[in-house]
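For what it's worth, my numbering labels the leading residue of the sequence shown as 162, then goes sequentially. From the three backbone atoms N, C-alpha and C, an ideal C-beta is built for every residue, glycine too. Input: a single structure, listed below in structure tokens.
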Amino acid sequence: MRIITNFAKSGVILAAAILCLAGCGKKSGMETVSPAKSAANYPLPDPPYVAHCHPGVPGGRFVVAAYGDPKTFNPITANEATSEEIYRHMFAGLLGFDVPTQEIEPGLADWWTNSPDGKTWTFHLRKNLRWSDGEPLTADDVVFTCNDLIYNTNFNPVVADVIRVNGQNYTVTKIDDQTIQVVTPAIVAPFLLHFGSVPIMPKHILEKSVKDLSFDSAYGANWKPQDIVGSGPFIIQDYKPAQYVLLARNPYFFEVDSNGQRLPYFDNIIYTIVPDFNAVSLRFLSGESEAEDRIFPYEYDEFKAAAEKGNFDLLEPGISVDTAFFCFNENTNVDKSGKPYVDPKKLKWFRNTKFRQAMSYAINRDAIIRSIYSGRGIPNYGFVTPANKEWYNPNVRQYPYDPDKARELLKKIGIEKRNSDSFLTDSDGNKISFVFNTNVGNSAREKTVVLIAADLQKLGVDVTPQPIEFNTLIQKLDYTYDYDCILISLGGDATDPSDSMNVIRSDGFTHEWFPRQKTPSTEWEAQMDHLMDDLNTTLDLDLRKKDFDQVQEILSEQVPMIYTVTPKYYAAVRSTVGNVRCTPLSFYQATWNAEELYFKK
């Protein structure tokens with residue numbers, strides 16, 4: 162799982178510097194050409210992967226409005242949706258993944274085998290695979306990606322958590338230029354899902370950054386586009402911060418349609434960067450973009466009325482799998498100067514289960530749904546939403562709005578109003594006060610923080626809402642740990658619980674309330690570690706479900722992540738776009754398969 166920006170809007174006027182681009186037929190001052198003069202100039206791999214899509218028409222530029230600049234183009238170190246929005250088009254794994262069906266498909270590897278004991282996997286690459294710069298893509302790149310990048314303790318690879326088992330790395334070796342062998346210390350139930358989806362990186366480009374220990378900044382947003390090499394359907398052609406990201410067709414991409422036409426169909430994808438999520442909708446409704454992956458419930462009526470005019474389709478995939486929550490900083494460590502990351506008196510509150518339960522009881526989720534989401538949503542109390550039918554546990558502990566219950570729990574831990582005060586203090590006389598962060602430019606989140614703060618202030622908690630820039634928020638959450646409380650969301654395209662290993666395990670990069678613990682800081686975190694390791698190495702689906710049900714119940718009891726609400730999202734795509742398969746199982750509901758999309762005319 163990775164952190165998502167979520168999609169909400171507010172009324173900020175578009176900056177004049179942003180280019181106004183529309184449709185595949187309109188011109189702008191930006192050159193949008195594919196690097197390939199002819200597909201015939203670039204030999205196909207042997208064999209190419211034949212996509213399961215309707216044959217389309219090549220050509221055109223696909224325009225999408227996006228909120229926020231990418232932080233990086235490096236898929237190994239990125240942990241935010243502003244970056245993933247771009248790099249998801251640029252890299253490929255050994256295997257592919259069909260999001261609506263949740264089925265694993267061939268990718269860079271044409272076929273693979275598994276040993277009788279289930280622990281030795283052999284992958285066979287397609288012959289004549291090429292990077293976007295024309296250099297050969299071989300087994301050396303796969304071994305380099307795993308051993309030199311992901312398992313390199315000098316760096317901070319987010320994806321490492323999901324390609325280990327019981328805390329142990331896999332043994333990844335080259336058999337020959339087209340063959341890779343992977344030996345796992347134990348049977349890994351979701352092995353193909355996770356190892357197969359690892360973005361393979363080019364050794365000939367990035368080997369230098371390993372040697373000089375600069376990989377964490379490699380493929381950064383400040384890199385020259387021509388130096389960023391990938392194997393996905395698109396490559397970066399140009400990037401102007403706060404203006405646009407221009408992607409061009411990768412002439413060496415390994416997929417074709419059933420007619421033998423090389424994918425992707427579009428010559429270019431252009432992401433016009435806008436200052437606010439409201440601008441995303443304005444761009445689409447004015448005809449200046451081709452698709453909008455997330456439309457909030459309160460926008461539904463406006464989009465429905467516009468769709469009835471016939472120039473785009475309003476899609477209704479349903480309740481999202483994304484989870485919105487706020488968490489308190491429970492990090493017990495100190496910084497390099499010896500200063501605690503969290504004020505000790507606050508840490509005492511934040512690490513108390515009854516304190517967190519009280520905060521959850523104090524939230525009026527129904528009011529959030531009514532006032533922010535136009536009634537189109539449901540209260541959420543657990544790690545998995547009802548959209549994930551296979552793994553959803555309806556029996557998690559729930560926290561309906563109950564201020565009296567919240568006061569009762571706080572009083573049990575010595576937090577109450579004293580001496581006719583209007584505010585709460587702990588048993589040492591400290592006023593219960595904290596700063597509540599979320600990201601600016603996201604009105605739904607900003608409003609949610611205000612509503613939650615108002616609910617908590619009714620209890621006597623002194624809460625200071627403080628929205629900050631998204632990438633600054635991520636820096637606080639994942640690297641500097643200098644925050645009290647943050648409202649954020651998590652999401653991902655795979656629904657298997659092992660996809661959340663980096664969130665649930667105590668040593669996980671995205672274990673947000675206290676990430677990358679050397680040893681579990683609580684007994685319940687240690688129990689979750691054990692359960693996650695067990696379900697990761699158990700092939701019996703019933704046992705895996707039992708383990709994950711228990712994980713969800715622990716999370717709902719301990720509430721390190723206090724869940725808020727799950728809205729019903731919508732999506733919109735121009736009627737001229739073909740091969741759209743909208744799904745709530747992806748953050749990119751309408752464009753998850755961008756390489757297959759095409760203009761019908």
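Apart from sequence neighbours up to five positions away, the residues of its chain that approach T299 with a beta-carbon distance below 6 angstroms are D338, ordered along the chain. Among the bridge pairs identified by DSSP, K335 is matched with I341. The alpha carbon of K280 has as its nearest neighbour, out of V344, Q263 and K288, the alpha carbon of V344. Under the DSSP assignment, K401 falls in the beta strand (DSSP E) whose first and last residues are F395 to K401.
If the five residues before and after D708 are omitted, its C-beta is found closer than 6 angstroms to the C-beta atoms of L692, D695 and L696, all from its own chain and listed in chain order. A distance below 7 angstroms between beta-carbons, with the five flanking residues on each side excluded, links F595 to the following residues of its chain, in chain order: K507, V624, D645 and C646. For a cut-off of 8 angstroms, the C-beta gap from F395 to M520 is around 43 angstroms, too long to register as a contact. By alpha-carbon distance to A468, the top candidate from G448, F486 and F487 is G448.
The straight-line gap separating the alpha-carbon atoms of Y400 and L407 is approximately 6 angstroms. Rounded to whole angstroms, the gap between the alpha carbons of R677 and I311 is 15 angstroms.
Under the criterion of beta carbons closer than 8 angstroms, K515 and L570 qualify as touching, at roughly 5 angstroms.
In terms of Cβ geometry, T306 and I361 form a close pair [threshold 7 angstroms].
In the three-state reduction of the DSSP assignment, T680 falls in the coil class, being assigned neither a helical nor a strand state. For P412, the secondary structure class from DSSP, reduced to helix, strand or coil, is coil. From the listed residues Y724, Q636 and P386, the smallest Cα separation to G543 is found for Y724. By the Cβ-count criterion, Q518 is buried, with 16 or more other Cβ atoms from all chains shown falling within 10 Å of its own Cβ.
Three or more Cβ pairs closer than 8 angstroms define a contact, and the segment 472–487 meets that threshold against the segment 650–665. P277 and I530 have their C-alpha atoms some 51 angstroms from each other. One thing to note: D309 has its Cβ no nearer than 7 angstroms to the Cβ of N663.
Of the residues assessed, E416 falls on the buried side of the cut-off, its CB having 16 or more other CB atoms within 10 angstroms.
Taking C-alpha positions only, L704 is separated from P658 by approximately 13 angstroms. Counting only the Cα atoms, G536 lies some 44 angstroms from Y210. In the DSSP assignment, D474 falls outside any alpha helix (DSSP H) and within the unbroken beta strand (DSSP E) covering F473 to I480. Relative to D271, the option among Q263, P261 and T283 whose CA is nearest is T283. DSSP places R455 within a strand segment (E or B) once states are collapsed to three.
Contact check for T744 against V225 fails: the beta carbons are separated by 7 angstroms or more. Counting only the Cα atoms, S419 lies some 44 angstroms from N315. 7 angstroms or more divides the Cβ of N235 from the Cβ of A347.
When N275, R568, R287 and Q719 are compared, the shortest CA-CA separation from P267 is found for R287. Rounded to the nearest angstrom, the Cβ distance from L638 to T599 is 11 angstroms, too far for a contact under 8 angstroms. Closest option to A409, judged by alpha-carbon separation, among N603, K550, K573 and Q387: Q387. When rounded, the separation of the alpha-carbon atoms in I574 and P564 is 16 angstroms. For A519, DSSP records no beta bridge to any residue.
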